[in-house]
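S.K.: Would you mind keeping the following structure in view while I ask a few things?
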Amino acid sequence: MELEELAKKMRLNEYEVDVVNSKEEAKEIILNMCSNKVVGIGDSHTISELNVIDELKQNTKELYAMQIDKSRENKLKSLIVDVFLLSANALSYDTGEMVNIDMVGNRVAPSLYGPEQVVFVIGKNKIVKDLSSAIDRVKNFVAPINAKAHNFSTPCTITGKCENCSHEKRICRTIVIYQKRPKKTPTRIILVNEELGW
24 MELEELAKKM
34 RLNEYEVDVV
44 NSKEEAKEII
54 LNMCSNKVVG
64 IGDSHTISEL
74 NVIDELKQNT
84 KELYAMQIDK
94 SRENKLKSLI
104 VDVFLLSANA
114 LSYDTGEMVN
124 IDMVGNRVAP
134 SLYGPEQVVF
144 VIGKNKIVKD
154 LSSAIDRVKN
164 FVAPINAKAH
174 NFSTPCTITG
184 KCENCSHEKR
194 ICRTIVIYQK
204 RPKKTPTRII
214 LVNEELGW
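Okay, so the sequence shown: first residue is 24 according to this note's numbering, each after it adds one.
Listed below in C-alpha cells is the structure:
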C-alpha cells in the first residue's frame with residue numbers, strides 16, 4: 024500500500040502527516056519535537072521499539088512514560104503534557120481512520136483531549152484495507168498478543184481471537200475510532216515504511 028496516498032487521505036481528516044522510510048527518521052522527528060517539553064508516552068510497543076525513551080529522559084523537561092511508571096498519578100499527568108506519544112493499533116487505508124483498543128483508557132484519553140499536541144507513530148504493518156478490517160485486527164490480533172504479553176489468562180490468549188469474554192483482565196474494554204482529528208487537539212501522524220509494534 025502506498026504510504027503517500029494514505030497520507031493524503033489522512034490530511035483530509037485534518038491530520039498533519041509525515042511519511043518516513045525508517046524508524047531512525049521517526050525517532051529524529053520525535054526528539055526534535057520533544058526537546059525541552061513535558062512529554063507523555065502511552066503504553067506503546069511501537070514507541071518502545073524506536074529506542075527513544077532513554078534519550079527523552081535527557082532532553083525533556085519532564086517525562087511521564089508508562090514504560091517507566093504505571094502509577095495513576097503518572098497516567099493523570101499525561102493528560103496535560105506538551106506532547107503525548109502513542110501509536111494506533113490499526114489504520115484503514117481506504118479512509119485514513121485509525122483504531123485503538125484499550126483496557127484502562129489512559130492511552131486513548133490523552134489522544135482525544137488534553138495535551139498541547141498528540142503524535143501517533145504508525146508502522147506499515149498496522150495498515151489494513153478498511154475500517155472493518157481495522158476493527159478485526161485490534162480484536163483478533165492485537166488484543167490476544169497484548170493479553171499474552173501481560174500474562175493475562177483471558178480466553179483470547181488460548182484461542183488467538185476475541186471471545187467477547189467477561190474476564191476481569193479483558194483487554195478490549197474500549198475501542199476508539201478516530202474518524203477525524205479531534206477538534207481541539209493538534210495531531211501529527213508519522214507513517215513509517217517499516218514494521219513497528221503489533
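Idealized CB from N, CA, C, for every residue including glycine.
Small disclaimer: the values here were computed from a predicted structure and weren't measured.
Grouping DSSP H, G and I as helix and E and B as strand, with all else coil, what is residue 224?
M.R.: Nothing in the structure corresponds to residue 224, since the chain is present only between 24 and 221.
S.K.: Which runs of the alpha helix (DSSP H), 4 residues or longer, sit entirely within the region 102-182?
M.R.: Counting whole runs of 4 or more residues, the region 102-182 contains the alpha helix (DSSP H) stretches 132-135, 154-160, 166-172 and 179-182.
S.K.: Measure the beta-carbon distance from residue 108 to residue 142 and round it to whole angstroms, keeping in mind my assumption that it falls under 8 Å.
M.R.: Taking the first residue of the sequence shown as 1, we reach residue 108 at position 85. Taking the first residue of the sequence shown as 1, we reach residue 142 at position 119. Right, their Cβ atoms sit about 5 Å apart.
S.K.: When DSSP labels each residue in this structure, what does residue 29 get in the three-state scheme?
M.R.: Start at 1 with the first residue of the sequence shown, and residue 29 comes out as number 6. Of the three classes helix, strand and coil, the one that applies to residue 29 here is helix, per DSSP.
S.K.: Would you check if the distance between the CB atom of residue 36 and the CB atom of residue 119 is smaller than 9 Å?
M.R.: Translated into positions along the sequence shown, residue 36 becomes position 13. Translated into positions along the sequence shown, residue 119 becomes position 96. Yes, they are a contact pair.
S.K.: What does the alpha-carbon distance come out to for the pair residue 189 and residue 58?
M.R.: Sequence index remark: in the sequence shown, residue 189 carries index 166 (1-based). Sequence index remark: in the sequence shown, residue 58 carries index 35 (1-based). Approximately 43 Å, taken between the alpha carbons.
S.K.: Based on Cα-Cα distance, which residue from 62, 151 and 157 lies nearest to residue 82?
M.R.: By 1-based counting over the sequence shown, the position of residue 82 is 59. Looking at the Cα atoms, 62 is the closest of the given residues.
S.K.: Does the beta-carbon distance from residue 86 to residue 70 come in below 9 Å?
M.R.: Along the sequence shown, read from residue 1 onward, the residue named residue 86 stands at position 63. Along the sequence shown, read from residue 1 onward, the residue named residue 70 stands at position 47. Contact flag unset, no.
S.K.: Drop a sphere of 10 angstroms on the beta-carbon of residue 172, count the other beta-carbons inside from all chains shown, and report buried for 16 or more, exposed for fewer.
M.R.: Here residue 172 is taken as the residue at index 149 of the sequence shown, counted from 1. Looking at its Cβ environment, which holds fewer than 16 other Cβ atoms inside 10 Å, residue 172 is exposed.
S.K.: Taking the alpha carbon of residue 100 as the reference point, which residue from 112, 137 and 153 has its own alpha carbon closest?
M.R.: Here residue 100 refers to the residue found at position 77 when the sequence shown is read from its first residue. For residue 100, the nearest C-alpha among the options comes from 137.
S.K.: Count Cβ pairs between the region 88-97 and the region 141-159 that sit closer than 8 Å; are there 3 or more?
M.R.: Because the criterion of three Cβ pairs below 8 Å is not met, the region 88-97 and the region 141-159 do not touch.
S.K.: Among residues of its own chain, excluding the 5 on either side of residue 39, which ones have a beta-carbon nearer than 8 Å to its beta-carbon?
M.R.: As a first step, residue 39 is located in the sequence shown; it is residue number 16 there, counting from the start. The residues are 209, 210, 211 and 212.
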